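In my numbering, the protein residues as written are 836 to 1233. Heads up, the beta-carbon is just placed ideally off N, CA and C, and yes, glycines get one too. Computed from a predicted structure; not experimentally measured.
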Ligand SMILES: C[S@@+](CC[C@H](N)C(=O)[O-])C[C@H]1O[C@@H](n2cnc3c(N)ncnc32)[C@H](O)[C@@H]1O
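Have a look at this one:
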C-alpha cells in the first residue's frame, strides 16, 4: 500500500505524522485521558512497551511541557475567552526580553514542570525524548524490576531483596503487544502474559490510589481478568478509543484507585499470572463476600411470598415484623466473575479509524516521524530482499 493510500485509509496515521507523533497510538492515550482524566495530579509515570515512543511523547508534552490537547485544550480556551469577556484580564503582560515564553499550537503559554519523572521501557531501543528516562529491557524478565526501581530512584540498592519503590508512581501505562501470529487464541494468550508482566511491575511501583492502563485483547475469558484486576483496584473499566479500530479485538483496561488487599506484597519471585496465587486470592475474596439474602416480596393480593420456596417464619414483636429465611446462601463460585463497564471514548466527531477519508487538496504525504530503529521484522525483510522479494527469485533455471 502506498503512503498516500495509507493516509486516506487511516486518518490517524496521517494525523500522527502531521502533528509530529511517532505513532498513531498517541491518539489512543489522548482519547483515554479525555475520558478518564488520567493525567490529573500525576507527576511520576512508567510507560511499558513504549517504542517507538508516541505515548512517551504524550507524557512529555502534557506533563513536562504543560501542553493541552482535546477537551482540556478546548476547556482552557473557553475559560480564557470567558475571562476576557468578563474583563477580568488586565493589560497583556509583556514577557521580559531575555525570557522566551514557549507557546503551544493554540498560542497558549506553556508552563513546563521540573518535578516530573517518566521512565519508559521497551525491548526495542527508543530514540531519546526530552525529560524521559528510556530503558531497553524485557518487561517479562525479573531482572527488569531492579532496573526500573533504580531508574525511578537512583538511591535504590539493586542488590536488595526489596522490590518496592521508595517513591512510588502515580500511573503505569502499558501498550504492550506481541508480534501477532494470526492464530487468535495464541495471540490472546501471549498478550495476556504481557499484561500480567505489566501488572506485576505496576504492583511493585504504584502508590496507593494510583492508576494502571494496559492494552488487552478481548478473548473468551476476559471477564475473569477483570475480576482479578478488581482485587487490586477500586474501579476497573474497559475502554475502546475511537482511534482503535472497531474491527480489532484490542481494548484498554483502565484501573483506578490502587488498593492492594491487606497484607499483599508484590514479588516477582511469586508473580501473579503464574501458579495459583491469583486463584487463591479470588477464592479468599469469594469467601469474604457477604452472605446474601434473596429478595423476597409478599404478594399483596394472595399473601404468598414470591421467590421463597416456603413461607418464611415471621414474628410480630412490638408491631415490627421480623422475617427469617432458611434460604440465606454464600455466593456461588461464579459470583466473583464480574463484568467491567465498557466505555467507547474519544469525541464522536473524531475520525473513525475504520473509515477512509478524502485527502485535503494539495495533500503531501509525510514520512513517519520516527520509524522503529530495530524492529524484530527488520531481519526478515533483509532476508526476503536477499531472496529476491516476497516470493523468492522467479527466474527459471531451465
Ligand atoms: C504497539 S507497540 C507500542 C507503541 C507505543 N505505545 C507508542 O506509542 O509508540 C508495542 C511494543 O511492545 C513492545 N514489547 C513487546 N513485548 C515486550 C516485552 N516483553 N518487553 C518490553 N517490550 C515489549 C514491542 O517491542 C513494541 O514496541
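Asked                                                                                                                         : Found
Nearest-angstrom Cα separation, counted from residue 859 out to residue 1188                                                  : 10 Å
Length of the line joining the Cα atoms of residue 1013 and residue 1218                                                      : 21 Å
Spatial distance of residue 959 from residue 1048 (CA atoms)                                                                  : 21 Å
Residue burial classification, residue 889 (beta-carbon count within 10 angstroms, cutoff 16)                                 : buried
Residue nearest to residue 988 in terms of C-alpha spacing, selected from 905, 1205 and 881                                   : 881
Where the beta strand (DSSP E) containing residue 969 begins and where it ends                                                : 967–971
N-terminal and C-terminal residue of the beta strand (DSSP E) that residue 1196 is part of                                    : Element bounds for residue 1196: n/a, residue is neither H nor E.
Any non-hydrogen atom of ligand 1 closer than 7 Å to residue 860 Cβ                                                           : yes
Residue range of the beta strand (DSSP E) that includes residue 1023                                                          : That residue, residue 1023, is in no beta strand (DSSP E); its alpha helix (DSSP H) goes 1019–1040.
Cβ neighbours of residue 1041 in the same chain (closer than 7 Å, five flanking residues each side left out)                  : 1003, 1004, 1007, 1047 and 1093
Distance, residue 1117 Cα to residue 1028 Cα                                                                                  : 19 Å
Alpha carbon of residue 964 to alpha carbon of residue 1209, nearest angstrom                                                 : 17 Å
Inter-residue spacing [alpha-carbon to alpha-carbon] between residue 1054 and residue 1105                                    : 25 Å
Residue environment, residue 866, which counts as buried when at least 16 other CB atoms sit within 10 Å                      : buried
Length of the line joining the Cα atoms of residue 1059 and residue 1206                                                      : 36 Å
Exposure label - residue 1072; buried when at least 16 CB within 10 Å                                                         : buried
Residue 884 beta carbon near ligand 1 (any heavy atom closer than 7 Å)                                                        : yes
Beta bridge counterpart(s) of residue 1180 as assigned by DSSP                                                                : 1076
Distance, residue 1044 Cα to residue 1198 Cα                                                                                  : 46 Å
Residue 853, DSSP secondary structure in three states                                                                         : helix
Element boundaries [alpha helix (DSSP H), containing residue 980]                                                             : 979–987
Residue 1241 (DSSP reduced to helix, strand or coil)                                                                          : As shown, the chain starts at 836 and ends at 1233. That puts residue 1241 outside it, with no answer to give.
Cα-Cα separation, residue 949 to residue 967                                                                                  : 12 Å
Whole-angstrom distance between residue 1175 and residue 1107, CA atom to CA atom                                             : 20 Å
With 16 other Cβ atoms within 10 Å as the buried cut-off, status of residue 919                                               : exposed
Distance cut-off 7 Å: residue 1224 Cβ against heavy atoms of ligand 1                                                         : no
Heavy atom of ligand 1 within 7 Å of residue 1202 beta-carbon                                                                 : no
Residues near residue 898 in its chain [Cβ-Cβ closer than 8 Å; skip 5 each side]                                              : 874, 877, 878, 880, 948, 951 and 953
Pick from 1085, 1083, 1051 and 984 that is closest to residue 1036, judged by C-alpha positions                               : 984
C-beta contact flag for residue 1253 and residue 862 at 8 Å                                                                   : Nothing about residue 1253 can be read from this structure; the chain reaches only from 836 to 1233.
Reference residue 1097; option with closest CA among 1015, 1089 and 1120                                                      : 1120
Sub-8 Å separation of residue 869 and residue 1223 beta-carbons                                                               : no
Residues of its chain near residue 1267, where Cβ-Cβ distance is below 7 Å and the 5 sequence neighbours each way are ignored : The requested residue 1267 does not occur in the structure, where the chain is confined to residues 836 to 1233.
Proximity of residue 1033 and residue 1011 at Cβ, strictly below 8 Å                                                          : yes
With 16 other Cβ atoms within 10 Å as the buried cut-off, status of residue 913                                               : exposed
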